[in-house]
Amino acid sequence: MSWWRDIFRQCVFMSFFIIPIPIGSYTIHSGSSAAVALISHLALSFLIPLAYVGTKEAAFGPKHARISRISFVIAWLVLAAIGGAFSAFMGQIWKASSFWEWPTIGRDIVFIGIMYGELCATMLGAYVLSRFHDTCRKERV
1452 MSWWRDIFRQ CVFMSFFIIP IPIGSYTIHS GSSAAVALIS HLALSFLIPL AYVGTKEAAF
1512 GPKHARISRI SFVIAWLVLA AIGGAFSAFM GQIWKASSFW EWPTIGRDIV FIGIMYGELC
1572 ATMLGAYVLS RFHDTCRKER V
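Start counting the sequence shown at 1452; every next residue gets the next number (my numbering).
Given below as structure tokens:
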């Protein structure tokens, strides 16, 4: 199997540990539910994959390439910065969009897709960074 398919497949399994708590807290619809959902998503989307890439099972593609933890941290921080920039610059437009008039289940499905996509993008970025780092290290030797 190709490395990117491996990443997408393994992200599905990690999503079972990352997505339910933020979605569950968001659907409560109390005053602080969005904040709890955001904080729990940030913590889980960082800690679960960080722990996973340190295991023997975290190998991708036919060459069983691994993702370094530092590459994951860098990729996660870059995507978090992109998300923060989106919120800062597009927050008012996003809040005024018709998206918030959708049924709750529709919004939840969109948020689940966004969370899965973010996890995949982070893992793909970390994989590319790890391969780049490995290539640079081999050239120095």
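Glycine included, every Cβ here is placed at the ideal spot set by N, Cα and C.
Residue from the options whose Cα sits closest to the Cα of residue i
i, options, result
"Thr1586", "Trp1545, Ala1516 and Leu1498", "Ala1516"
"Gly1564", "Ile1470, Phe1540 and Glu1590", "Ile1470"
"Ile1458", "Thr1573, Ser1548 and Ile1479", "Thr1573"
"Gly1557", "Ile1474, Ser1483 and Ile1533", "Ile1474"
"Phe1523", "Pro1500, Phe1511 and Asp1559", "Pro1500"
"Leu1530", "Trp1553, Arg1456 and Gly1576", "Gly1576"
"His1584", "Ala1502, Leu1570 and Ser1519", "Ser1519"
"Lys1514", "Tyr1578, Trp1553 and Glu1590", "Tyr1578"
"Asp1559", "Ala1485, Phe1540, Ile1521 and Thr1478", "Thr1478"
"Ile1525", "Lys1507, Leu1580, Val1504 and Val1487", "Leu1580"
"Val1504", "Leu1570, Lys1589, Arg1591 and Glu1590", "Leu1570"
"Thr1506", "Thr1555, Gln1461, Trp1545 and Lys1589", "Gln1461"
"Phe1467", "Lys1589, His1492 and Gly1534", "His1492"
Identified DSSP bridge partners for residue i
i, result
"Arg1517", "Ala1510"
Secondary structure of residue i, DSSP reduced to three states
i, result
"Ser1496", "helix"
"Ser1548", "coil"
"Pro1473", "helix"
"Met1452", "coil"
"Gly1505", "coil"
"Ile1565", "helix"
"Trp1527", "helix"
"Ser1581", "helix"
Status (buried if at least 16 other CB within 10 Å, exposed otherwise) for residue i
i, result
"Trp1527", "buried"
"Phe1464", "exposed"
"Val1561", "exposed"
"Met1566", "buried"
"Ser1453", "exposed"
"Phe1511", "buried"
"Ser1538", "exposed"
heavy atom of the ligand ZN below 7 angstroms from residue i C-beta
i, result
"Ser1483", "Ligands displayed in this structure: none; no statement on the ligand ZN is therefore possible."
Q: For the segment 1546-1555 and the segment 1482-1496, state whether three or more C-beta atom pairs, one from each stretch, are separated by less than 8 angstroms.
A: no
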